[in-house]
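A.B. asks:
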Amino acid sequence: MKTFKSHDGTPWAVDVRSPGASNAMIVFRHPDGSTSRKDRYNWVLSDGPEARSVTGRLSRDKVLASLDDSRIAELFRRSMAVTRADSGALPRADAVMSRG
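This is the structure in structure tokens:
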């Protein structure tokens, strides 16, 4: 696992998840480990030999090793939140159905 410090000084843990034949999810874990709501993610695409094989899989360790500081910073700038900001504000299904 690598670490990345964002422009506001927050130290994020960088992890590789869900490696496939041609892509892998890069997860930025917020230091507040009590919840994943602040975590962020982005995808790395590969054009290596694994990408041409349906049974090929990228190695998590190799993907992580291939990410230098500037690439990690770029991925973070374009990352998305793991959860929606308003996920707690959705109405319950039974409340919506009772409105008629």
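Numbering (the numbering used here), first residue to last: 359 to 458. Heads up, the beta-carbon is just placed ideally off N, CA and C, and yes, glycines get one too.
(1) Return the CA-CA distance between residue 411 and residue 433, expressed in angstroms with no decimal places.
(2) Considering only their Cβ atoms, is the gap separating residue 383 from residue 395 smaller than 9 Å?
(3) Per DSSP, which residues does residue 373 bridge with? Please list them.
(4) Can you tell me which of the three DSSP states residue 415 falls into?
(5) Ends of the beta strand (DSSP E) at residue 398?
(6) Please return the same chain residues whose Cβ sits closer than 6 Å to the Cβ of residue 388, not counting the five positions on each side in sequence.
(7) What do you reckon, are the CB atoms on residue 381 and residue 417 nearer than 9 Å?
(8) What residues match up with residue 361 in a beta bridge as DSSP calls it?
(9) Taking DSSP as the reference, what is the three-state secondary structure of residue 423?
C.D. replies: Quick look at the numbers:
(1) Your numbering for residue 411 matches position 53 in the sequence shown. Your numbering for residue 433 matches position 75 in the sequence shown. Distance between the alpha carbons of residue 411 and residue 433: 25 Å.
(2) Residue mapping note: residue 395 aligns to position 37 of the sequence shown, counting from 1. Residue mapping note: residue 383 aligns to position 25 of the sequence shown, counting from 1. Going by C-beta atoms, residue 395 is not nearer than 9 Å to residue 383.
(3) If you number the sequence shown from 1, residue 373 lands on position 15. The partner list for residue 373 (beta bridge, DSSP) reads 385.
(4) Taking the sequence shown and counting its residues from 1, one reaches residue 415 at position 57. Looking at residue 415 - three-state DSSP - the assignment turns out to be coil, as it is neither helix nor strand.
(5) Residue mapping note: residue 398 aligns to position 40 of the sequence shown, counting from 1. Unbroken beta strand (DSSP E) run through residue 398: 398–403.
(6) Position 30 of the sequence shown, counted from the first residue, corresponds to residue 388. Within the same chain, residue 388 has close Cβ partners 396, 397.
(7) If you number the sequence shown from 1, residue 381 lands on position 23. If you number the sequence shown from 1, residue 417 lands on position 59. No; because the gap between Cβ atoms is not below 9 Å, this pair is not in contact.
(8) Taking the first residue of the sequence shown as 1, we reach residue 361 at position 3. 371, per the DSSP bridge assignment.
(9) Mapped onto the sequence shown, residue 423 falls at position 65. DSSP places residue 423 in helix when its eight states are reduced to three.
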